[in-house]
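Those protein sequences? They're chains A and L, same order as listed.
Per numbering that gives the first Met the number 0, the very first residue in the first sequence carries number 0; after that it's consecutive.
Per numbering that gives the first Met the number 0, the very first residue in the second sequence carries number 0; after that it's consecutive.
2 protein chains.
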Amino acid sequence: MSNDVGTMDGSAEGIPRIMRRTLHDEVLERLRDMIIEGRLTPGQRINEGVVGAQLGVSRTPLREAIKTLASEGLVEIQPAKGAIVRRFSAFDMKNILEVLKTLEELGGRMACALAPDETIAEIRGLHDAMMRYYASRNRLEYFKLNQAIHSAIVAASGNEVLVEMHGTLQARIKRLRFIGNEGEVKWADAVAEHEQMIEALERRDADQLATVIRIHMESTRLRVHDVL
Amino acid sequence: MSNDVGTMDGSAEGIPRIMRRTLHDEVLERLRDMIIEGRLTPGQRINEGVVGAQLGVSRTPLREAIKTLASEGLVEIQPAKGAIVRRFSAFDMKNILEVLKTLEELGGRMACALAPDETIAEIRGLHDAMMRYYASRNRLEYFKLNQAIHSAIVAASGNEVLVEMHGTLQARIKRLRFIGNEGEVKWADAVAEHEQMIEALERRDADQLATVIRIHMESTRLRVHDVL
DNA sequence: ATCAAGTATTCTGTATGCAGCATAATTACA
DNA sequence: TGTAATTATGCTGCATACAGAATACTTGAT
Chain A
0 MSNDVGTMDG
10 SAEGIPRIMR
20 RTLHDEVLER
30 LRDMIIEGRL
40 TPGQRINEGV
50 VGAQLGVSRT
60 PLREAIKTLA
70 SEGLVEIQPA
80 KGAIVRRFSA
90 FDMKNILEVL
100 KTLEELGGRM
110 ACALAPDETI
120 AEIRGLHDAM
130 MRYYASRNRL
140 EYFKLNQAIH
150 SAIVAASGNE
160 VLVEMHGTLQ
170 ARIKRLRFIG
180 NEGEVKWADA
190 VAEHEQMIEA
200 LERRDADQLA
210 TVIRIHMEST
220 RLRVHDVL
Chain L
0 MSNDVGTMDG
10 SAEGIPRIMR
20 RTLHDEVLER
30 LRDMIIEGRL
40 TPGQRINEGV
50 VGAQLGVSRT
60 PLREAIKTLA
70 SEGLVEIQPA
80 KGAIVRRFSA
90 FDMKNILEVL
100 KTLEELGGRM
110 ACALAPDETI
120 AEIRGLHDAM
130 MRYYASRNRL
140 EYFKLNQAIH
150 SAIVAASGNE
160 VLVEMHGTLQ
170 ARIKRLRFIG
180 NEGEVKWADA
190 VAEHEQMIEA
200 LERRDADQLA
210 TVIRIHMEST
220 RLRVHDVL
């Protein structure tokens with residue numbers, strides 16, 4: 000009565016059933032990637048004909064995906080003119096990071112309070128893997144794990160809504176964050192902060208973790224600031 | 000360079016230019032209202048043909064609007080089956096209010112710190128108007144102003160991103176909140192809490208405001224809980 | 001009478017077509 | 001030669017058409 004999804008479908012424990020994927024879902028992911036990878040640059044117009052042809056899809060599912068992207072704040076729709084990839088100002092960045100900071104702080108505190116040891120161990124695993132990529136200066140893989148760790152901490156809170164909100168905001172600044180981490184010194188700083196985060200989490204020291212996250216987000220803002 | 004919107008358009012100070020409205024925008028609002036007003040109940044399937052006919056619109060803009068609603072979390076899309084109005088469990092409510100609490104707390108603190116006196120006065124105006132509706136037991140208008148006050152406080156933070164996130168979450172529980180406020184006692188409690196909020200805001204007592212908001216959100220959770 | 005299989009119908013997902021707006025191109029004129 | 005007006009092109013917004021899936025219905029057998 001509460002939710003009939005998942006009651007009578009044949010999916011056993013943990014085994015995800017074959018997800019029927021629609022075109023607009025597929026397109027949505029591709030577009031997100033294109034924006035994050037910089038193949039669609041801020042301010043650039045998304046020509047439905049062109050992009051549709053590139054992806055081998057008609058305009059209909061493409062338009063639906065664009066609507067979703069607009070709702071996520073990654074693109075801006077100007078009626079009768081088209082959709083353009085959203086450009087974020089320094090002010091926007093500040094606002095986003097302010098909220099992101101608050102959300103991660105909440106996530107971190109909750110994770111300290113009620114995440115199972117196993118989950119924390121997994122996050123430590125991600126961190127160690129990330130450090131190996133740092134040692135070999137593999138920026139792309141480092142970056143991916145970096146994002147994954149932040150997401151994992153928030154996910155460890157057990158609050159799906161928090162995860163969702165955090166995810167959309169993180170997506171907005173993903174690209175800038177990637178660019179912003181260039182430079183050896185900045186990178187080293189970020190790594191040091193991450194080290195502290197993991198340690199606080201393992202000690203389940205919520206206040207300490209929150210503090211480190213605050214610092215980390217603030218320095219992220221500075222790292223990203225000159226990239227605009 | 001930051002944002003070219005608003006630089007060369009012919010809109011004078013404060014005078015909003017004629018907004019071209021697209022059908023899917025219009026439909027989007029209407030659907031939101033239908034959900035909040037309970038004309039579309041949780042679990043109910045949205046038949047594109049039927050609803051499209053009701054609104055006098057073809058399926059295309061309707062589908063686009065539904066995609067946006069799904070992104071906002073008000074609707075769930077099951078491929079090849081259709082969209083259903085999302086049903087929130089008590090656990091969902093808890094999660095939503097947890098995040099909402101955090102966001103409003105942040106908004107409140109920022110508002111105390113940097114909202115102009117004038118803005119705070121306007122919020123006081125909303126509050127007083129709300130109290131008049133309470134005195135005359137006009138539940139609908141009371142409710143609208145209640146929501147408006149929460150939004151206004153967050154808006155007074157000056158953080159657009161915060162406003163946006165708050166808005167989407169608020170939309171999810173709008174209906175439940177409306178139903179939950181039935182009963183004289185609960186209502187009186189909510190009013191008392193609001194009174195304290197306004198006073199704290201006027202004193203720019205950020206800590207106090209945050210505390211009251213925490214309490215208010217917690218009692219909101221209780222008020223809403225039995226409605227499921 | 002109950003259940004299974006097969007058929008029919010309804011609805012979603014996607015493609016295409018058309019009208020209207022926005023912008024680019026072209027021409028006329030100073 | 002520069003600018004204004006006009007035409008032309010391109011693209012978006014919306015509607016419709018079609019194919020495939022899901023559900024409802026019917027029929028037959030046990």
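Every residue, glycine too, gets a C-beta built ideally from N, C-alpha and C.
Since this is a predicted model, take the numbers as computed values, not measurements.
From what residue to what residue does the alpha helix (DSSP H) around residue i run?
i: V153 of chain L; result: R138 to A154
i: D188 of chain A; result: E183 to E201
i: P60 of chain L; result: R58 to E71
i: R38 of chain A; result: Careful: R38 of chain A lies outside any alpha helix (DSSP H) and carries neither H nor E.
i: V211 of chain L; result: A205 to H224
i: R123 of chain L; result: D116 to A134
i: L227 of chain A; result: Counting along the chain, L227 of chain A falls outside any alpha helix (DSSP H), and DSSP gives it neither H nor E.
i: G166 of chain A; result: E159 to G179
i: R108 of chain A; result: A89 to L113
Going by beta carbon distance, what residues of the same chain come within less than 8 Å of residue i, once the five residues before and after it are set aside?
i: E103 of chain L; result: H149, I152, V153, H165, I212 and M216
i: A89 of chain A; result: H224 and L227
i: E121 of chain A; result: A151
i: E12 of chain A; result: Annotation note: pLDDT 42 at E12 of chain A (below 50); position unreliable, coordinate value reported separately. Hits under 8 Å: none found.
i: A128 of chain A; result: L144
i: Q43 of chain L; result: I83 and V84
i: E192 of chain A; result: V211, I214, H215 and S218
Is it buried or exposed, residue i, if we count other Cβ atoms within 10 angstroms and call 16 or more buried?
i: R222 of chain A; result: buried
i: K100 of chain A; result: buried
i: G179 of chain L; result: buried
i: S1 of chain A; result: Interpretation of S1 of chain A is limited by its pLDDT of 35, a score under 50 that renders its predicted location unreliable; no figure is taken from the coordinates.
i: D116 of chain L; result: exposed
i: N182 of chain L; result: One point to set straight first is that residue 182 of chain L is Gly, not Asn, in the sequence displayed. Exposed is the call here.
i: N158 of chain L; result: buried
i: A187 of chain A; result: exposed
i: L168 of chain L; result: buried
i: N94 of chain A; result: buried
i: L39 of chain A; result: buried
i: G55 of chain A; result: exposed
i: A209 of chain L; result: buried
i: T6 of chain A; result: Residue confidence for T6 of chain A is low, a pLDDT of 34 falling below 50, so the modelled location carries little weight; the figure read from the coordinates is stated next. Under this definition T6 of chain A is an exposed residue.
i: E28 of chain A; result: exposed
i: E97 of chain L; result: buried
i: E194 of chain A; result: exposed
i: G48 of chain A; result: exposed
i: L161 of chain A; result: buried
i: R20 of chain A; result: exposed
i: A189 of chain L; result: buried
i: R220 of chain L; result: buried
i: R176 of chain L; result: buried
i: L30 of chain A; result: buried
i: S135 of chain A; result: exposed
i: S57 of chain A; result: exposed
With DSSP as the reference, please indicate the residues paired to residue i in a beta bridge.
i: G81 of chain A; result: A:Q77
i: R44 of chain A; result: A:I83
Closer than 7 Å by C-beta to residue i: which residues in its own chain qualify, once you throw out the five before and the five after it? Chain order, please.
i: R85 of chain L; result: P41, G72, L73, V74 and E75
i: L125 of chain L; result: L144, A147, I148 and A151
i: G256 of chain L; result: Residue 256 of chain L lies beyond the stretch modelled for chain L, which goes from 0 to 227, so this question has no answer here.
i: V50 of chain A; result: L61
i: R203 of chain L; result: C111
i: A114 of chain A; result: A155
Between residue i and the rest of its own chain, which residues show a CB-CB distance below 6 Å, the 5 nearest in sequence each way excluded?
i: P60 of chain A; result: L22, H23 and V26
i: M196 of chain L; result: V211
i: A82 of chain L; result: I45, I65, V74 and I76
i: I35 of chain A; result: K173 and R174
i: Q207 of chain L; result: A199
i: M109 of chain L; result: S156
i: K185 of chain L; result: R222
i: Y132 of chain L; result: E140 and Y141
Checklist line | chain L contacts from the region 82-103 of chain A (Cβ-Cβ distance under 8 Å) | finding: Listed by position along the chain: R86, S88, A89, F90, D91, N94, I95, E97, V98, T101 and L102.
Item checked: Positions along the region 52-70 of chain L whose CB lies within less than 7 Å of some CB in chain A -> Listed by position, the residues of the region 52-70 of chain L near chain A (Cβ gap below 7 Å) are R62, E63, K66, T67 and S70.
Check: Given a limit of 9 Å on CB to CB distance, which residues of the region 103-118 of chain A reach chain L?
Finding: Here the close residues are E104, L105 and M109.
Next item on the list: Closer than 9 Å, Cβ to Cβ, to anything on chain L: give me those residues from the region 203-218 of chain A, in chain order.
Entry: Flagged: no residues at all.
Check: What residues in the region 164-179 of chain A bring their beta carbon closer than 9 Å to a beta carbon of chain L?
Finding: Contact annotation: in the region 164-179 of chain A, residues whose CB is within less than 9 Å of a CB in chain L are M164, T167, L168 and R171.
Notebook entry, point to check: the region 143-165 of chain A: which residues have C-beta closer than 8 Å to a C-beta of chain L, in chain order?
Noted result: Cβ contacts with chain L come from N158, E159, V160, L161, E163 and M164.
Notebook entry, point to check: Along the region 33-49 of chain L, what residues have a CB closer than 7 Å to any CB found in chain A?
Noted result: Cβ contacts with chain A: none found.
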